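Chain order of the listed sequences is A and B. To convert, note that position 647 of the first sequence is 647 in the UniProt record's numbering; the numbers rise steadily by one, no gaps. To convert, note that position 127 of the second sequence is 127 in the UniProt record's numbering; the numbers rise steadily by one, no gaps. For glycine and all other residues, C-beta sits at the position ideal for the given N, C-alpha and C. Note that the structure is predicted; figures quoted are calculated from it, not measured. Structure record follows, encoded as structure tokens.
There are 2 protein chains.
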Amino acid sequence: MVAKVKMAVRGDAQIVLFVILCIFLLKSCNGAATDIELDAKAQLLHRLDSLNLLLYTFLLILTVLTIWTFKHRRLRFLHETGLAVIYGLIIGAIIRYGFTTSSTILHMPVVPDNSSKYNQSVPPDTLWLRFPEDKGGGNIIKNKTFAYLFRGEIYKQDNEIDLKATFDSEIFFNIILPPIIFHAGYSLKRKYFFRNLGAILMYALIGTSISAFVIGALMYAFVQLIPHLSASFTFLDTLYFGALISPTDPLTIISIFNDLHVDVNLYALVFGESVLNDAVAIVLSGSIQNYGERYQSGSGGFETVAFFQAFGDFVGIFSLSLFIGATMGCITALLTKFTRVRDFPLLESALFVLMSYSTFLIAEASDLTGVVAVLFCGICQAHYTYNNLSPDSRQRTKQLFELLNFLAENFIFSYIGVSMFTFPKHHFDPGFIFAGFLCALLGRAANVYPLSFILNLARKPKISLNYQHMLFFAGLRGAMSFALAIRNTVSDARQAMLTTTSLIVILTVIFQGGATTQFLSWFNIPVGVDEEIEGLSHNGMRSYNSMQDGSLPSSGIKPNEKALLARIWGDFDTRYMKPLLTHSRPTLLETLPVCCTPLARILTTTQQMTQDEAVRKADSDSDFCLEDRELERRRTSVQPVSFHQPNLNYTINPCYQPNSTDATNPDEPYVILNLHRR
Amino acid sequence: MVAKVKMAVRGDAQIVLFVILCIFLLKSCNGAATDIELDAKAQLLHRLDSLNLLLYTFLLILTVLTIWTFKHRRLRFLHETGLAVIYGLIIGAIIRYGFTTSSTILHMPVVPDNSSKYNQSVPPDTLWLRFPEDKGGGNIIKNKTFAYLFRGEIYKQDNEIDLKATFDSEIFFNIILPPIIFHAGYSLKRKYFFRNLGAILMYALIGTSISAFVIGALMYAFVQLIPHLSASFTFLDTLYFGALISPTDPLTIISIFNDLHVDVNLYALVFGESVLNDAVAIVLSGSIQNYGERYQSGSGGFETVAFFQAFGDFVGIFSLSLFIGATMGCITALLTKFTRVRDFPLLESALFVLMSYSTFLIAEASDLTGVVAVLFCGICQAHYTYNNLSPDSRQRTKQLFELLNFLAENFIFSYIGVSMFTFPKHHFDPGFIFAGFLCALLGRAANVYPLSFILNLARKPKISLNYQHMLFFAGLRGAMSFALAIRNTVSDARQAMLTTTSLIVILTVIFQGGATTQFLSWFNIPVGVDEEIEGLSHNGMRSYNSMQDGSLPSSGIKPNEKALLARIWGDFDTRYMKPLLTHSRPTLLETLPVCCTPLARILTTTQQMTQDEAVRKADSDSDFCLEDRELERRRTSVQPVSFHQPNLNYTINPCYQPNSTDATNPDEPYVILNLHRR
């Protein structure tokens, strides 16, 4: 390095000669003063931006290192998301009380121009500041107009770094949430998800709605009791609060479940519900807003119409978003099936990422819900597209989204911690906070217990009381609640909601998250159950069995006892969707009626016709449509081989999940081989 | 899907009963009108944001698909970056002339409050709009203050989507550039880079400075000839233009070179120069700005002092940034060497990414140059940290940055295209544009030819004239020039620079990029040279030889003819840096003097002491310090094995670059094995 710097010095010494000539030219420099000052100002703002990002990067590094220490020492009393929150709180407090930077931001109070006839009920989006003529003050800018963008309401003088340590809520919705939600869909263990489809939908769709209304009603009743609150909260406000506090967060619980190998069906219920109820909550809160707008514009007219419109919104937005997500997933599958883009894994991965992200954006741009769309897009990508990808892209996309998800979720929890202190729009109202905690608990109970009772009437493997307690307990609040709460913080009511939501998130994540292991043992939940192995596992058979007879407190599930919904869909999927969208067999030539043969021939690739039986079964997930005998047959079709060379020992474990980047023969099964040197 | 929607409908039907009760409560709703309207407004803005992002995502998808078609059909007349620019131009034109959306953004002209005593020479950063009292207009907001952030100067009424299809230049600097630059460092082929270190530093440091001053002086002379320009441009302005138009872009040329397997030394010269001159240009332009500020504040005092301060800035900022980058790289190496974070590849990858990004931010926050820091951080990460990573993380980080780089570079070129039409601050001045093109060419020539002449005086394998022509021709302008130009667009002069820079970038990328193949054959540059294989390749030997005798028009390089700088550094690196930062041998116990043995013992890991010879040589790059005999010995140490089972044929290619995600035995060499079914 020293050498390089020397080089630089020597090099530039030569320029000096040349440049000294220029100095004479520079003497004639003048004007452009504003430019230079603006440069300096831009530089200062850029520095603050960097400092701001650096703060969070530093927090994340700290979190990563501490998580590692915890994992290394097998400590489980605090989870990584809890850690991120706590570090965030500490740093937030330091920023709040430690720094008293002299503000370098220039403020100017302004009033509307006399000529303006502004009579909207909302503040304008942009201000145009016409700079005045020179009043003899020296170097005031003359005759220029500058644009200013709306930032928010002001209550008191804000510390500069405070303003800077916060992000636009747009960043959460457009940048941070999509990878988290997509990853949830992409990594969903679909076999168990579909097996418990009925219960998951019940909890997520009906349960979340019940919870939102119960919380909304209880909060409204409570607010009426307190004089200073009753003025600022309408029922719509409390209902909105109910909708935003209802979704549960999968992150913390699920990663503990993963570590402990908790019973797969409980895993599926908790994960499936919390993934879907994020989607439900966001649609629900949107519908409530729409209801508010209609109600407003109708000015007290016929509210029932507005209500049913809102209900229609809910159903329409949810199903349209789902449709967009699934469609985009299928389009990606078709693109990867019928082009040879897999020859260029980088392009393929880029296409995959871009198509998935555009799903989110298309839904958002059409006033639908990107979260729902990207969730179902993720499920479709995993179910269909994944099978068409080259081995390189499979691994790359999985690893990419895993990493993005990790960074995004830890960022959001750090941010929740920091913003508790730095976000200028908190409104602490002890009464509202207390009521919020109580109602959140009651709302969760109103979701889990009655619905479990109803489900148990029809469901064969009943959900035992201990499982119900665990479901109740798994109701941590997380990123989605926070993101919804921080979206609009203009009024007092909204600010009190944000504060309460932040506190609920922080406390549930730290305490409920930390106590999960303890609760699992109190409720006698089976842990250490053989994990479901993705793709084709060698102990797949064993895990499959243990799940069936050990975990749920009922007799084993026979194939015909699988959820009706799952069976119908599974059949349709195997016969039509998979042959159309992937290289799987049976092909459409075999499943479609004879009249459609020409069409089927177009939609069937050569690869699909000629490929080997063993290969085509190497699916992304050991799907719900696979039966035991298939698993067994597949496992026995290639035997593990052992052999040795004079100085080497090889063990070959056949494995159909290609992990290699060598894409020259992407269709051939790969074997990963550990080479033990003696 | 149909089934799920049905489920949703059935589920929600139950809520209806419950909710009808609530309707009565809702009748009492009132107020909170502003909240709801603000919600609606936030939603609209969010939709526009999404639309905006969608636009670019769509452009990238289009580019990916077209690139694939081109690669598939082996078309080379247009390169992917060229494609991205062209698509960008088309979409930009459509947005500009196709849409005439009625603006839904609310503007309000404002004037400073009477009480304000604002006498700065720059516009304020924030405006505080005190909303007036109710003047009887109905539902005007009462008694609220809103904050507005500075956006820029306004010339004419802007179309809404226009404003929206542009991004803050902060996004380029904080989000888009870092992965591109880091990837350049991380994927640098260090062997050839160090072998040509002298020439690369000469072109990048001295050449870029010469080019900037030549362009600056010529442009100033030209501007003086045109009356309407001479008023708005100072010499400092034209010098700044020289600095921002001097850096060349590696992307387009390099990916063509990659496709064609162009001679590795030419590759190293072009790539090394263009990577470093980005760094030089950004520091140079910063120094020019600083000079301007000092010159300004001194108000015509002693400019020579300001000049030498600026020169000191240049050297100081460059070397400090380099130091920060290298230090952070080394810290990451130490972290990964002395902790067992590699047991958790996800954490390890996250740590790697976060440390690398924080390097950029630390440099930016300390008023240094993040680009320089992140570049050298990338080089150190590849040189040291990479060797400590688990196989999973190696692959993950490589693939991640490859993908990020691909997306970022295509995004930036799309954006250059779109912004040509939509960015509101273009200033087309045909004279300035023409002069810009001419001076850019002359500046490049003033860099390449004189310096090549000087280099050839001392250099043993001379750089032939054809190579010089190719170097001249490889001077496409790209992302860095554009990013620097768009950073400040307040004055007319800056806007004219932006327009000229955009045009130069667009035209050089499309035409020079497209004609590269043609030029390579005109200049008789050897193509189809055996590619350097990363890590340890089986034909590494052959490529090494062919490079030595075939490509450069001189006799082969003997070991002692390697650059002196490279030899000194290589020796130091092998003896001290690598043993300290990685698990390589010889260990510090062997290289440090005896008095330091206790220290050396602490810094040497057990793994380092006990590991196998073959493993420790499995370095990330076949480094400049490796000699031929090493390569040969390594290649012969494990023999390929062939054997077969009744129905299977195996060929095992020993390979020390682990590709597997199986991290259970990360220290053991892996073998990837193609399994041919018979």
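| Check | Outcome |
| --- | --- |
| Closer than 7 Å at the beta carbon, the chain B residues around I67(A) | L347 |
| Short Cβ contact (8 Å threshold) for A333(B) with V64(A) | no |
| Every unbroken alpha helix (DSSP H) inside the stretch 290 to 359 of chain A [4 residues or more] | 303 to 338 |
| Collapsed DSSP secondary structure at L407(B) in the structure displayed | helix |
| Chain-ordered neighbours of F344(A) on chain B, where CB pairs are closer than 7 Å | W68 and K71 |
| Continuous alpha helix (DSSP H) stretch holding F213(A): start and end | T208 to L225 |
| Inter-residue spacing [alpha-carbon to alpha-carbon] between R234(B) and N277(B) | Note on residue identity: the sequence assigns Thr, not Arg, to residue 234(B). So the two alpha carbons sit approximately 24 Å from each other. |
| Element boundaries [alpha helix (DSSP H), containing P450(B)] | P430 to A458 |
| 6 Å CB neighbourhood of R342(A) in its chain, flanking five on each side removed | E348 and S390 |
| Nearest-angstrom Cα separation, counted from T66(A) out to A663(B) | Low per-residue confidence applies at A663(B): pLDDT is 37, beneath 50, and the placement is therefore not dependable enough to give any value. |
| Partner residues on chain A for I200(B), Cβ-Cβ distance less than 8 Å | Residues of chain A passing the Cβ test: none, with the nearest at roughly 10 Å. |
| Below-8 Å beta-carbon distance, V85(B) vs any chain A residue | no |
| Contact set between E402(A) and chain B, taken where Cβ atoms lie within less than 7 Å | L346 |
| DSSP state of R477(A) mapped onto helix, strand, coil | coil |
| Identity of the residue in I256(A), G325(A), F432(A) and G417(A) nearest F482(A) by Cα | G417(A) |
| Touch test, the stretch 252 to 271 of chain A against the stretch 197 to 210 of chain A, Cβ-Cβ under 8 Å, three pairs minimum | yes |
| Under 8 Å between C-beta atoms of A440(B) and I215(B) | yes |
| Helix, strand or coil at L177(A) [DSSP, three-state] | helix |
| The stretch 418 to 438 of chain B / the stretch 351 to 370 of chain B touching (three or more Cβ pairs under 8 Å) | no |
| Short-range partners of chain B found in the stretch 403 to 429 of chain A, where Cβ spacing is below 7 Å | L403, F406 and L407 |
| Nonlocal neighbours in the same chain, by C-beta distance under 7 Å from G514(A), ignoring five residues either side | F77, L78, H79 and G82 |
| Cutoff 8 Å: P109(B) Cβ touching any chain A Cβ | yes |
| Simplified DSSP state of A231(B), which is helix, strand or coil | coil |
| Alpha-carbon spacing of T126(B) relative to L127(A), whole angstroms | 11 Å |
| Local conformation of T500(B) per DSSP, three classes | helix |
| Bounding residues of the alpha helix (DSSP H) (the contiguous stretch that carries P579(A)) | K578 to L581 |
| Interface residues of the stretch 463 to 489 of chain A facing chain B [CB-CB below 8 Å] | R487 and N488 |
| Per-residue DSSP class, three states only, for L52(A) | Just to set this straight, residue 52(A) is Asn in the shown sequence, not Leu. Looking at N52(A) - three-state DSSP - the assignment turns out to be helix. |
| Option nearest D373(B) by Cα separation, candidates G325(B), L403(B) and Y384(B) | First, the amino acid is wrong: residue 373(B) is Ala here, not Asp. Among G325(B), L403(B) and Y384(B), the Cα nearest to that of A373(B) is on G325(B). |
| Alpha-carbon spacing of I412(B) relative to F473(B), whole angstroms | 22 Å |
| Cβ contact check for the stretch 379 to 397 of chain A and the stretch 457 to 468 of chain A: 3 or more pairs under 8 Å | no |
| Extent of the continuous alpha helix (DSSP H) to which A204(A) belongs | No alpha helix (DSSP H) contains A204(A), which DSSP labels as neither H nor E. |
| For G528(B), three-class secondary structure by DSSP | coil |
| Backbone CA spacing between T605(B) and D259(B) [nearest angstrom] | 41 Å |
| Contacts around F360(B), its chain only, beta-carbon distance under 7 Å, and the 5 residues preceding and following it disregarded | P178, G370, A373 and V374 |
| Alpha-carbon to alpha-carbon, I602(B) and L322(A) | 58 Å |
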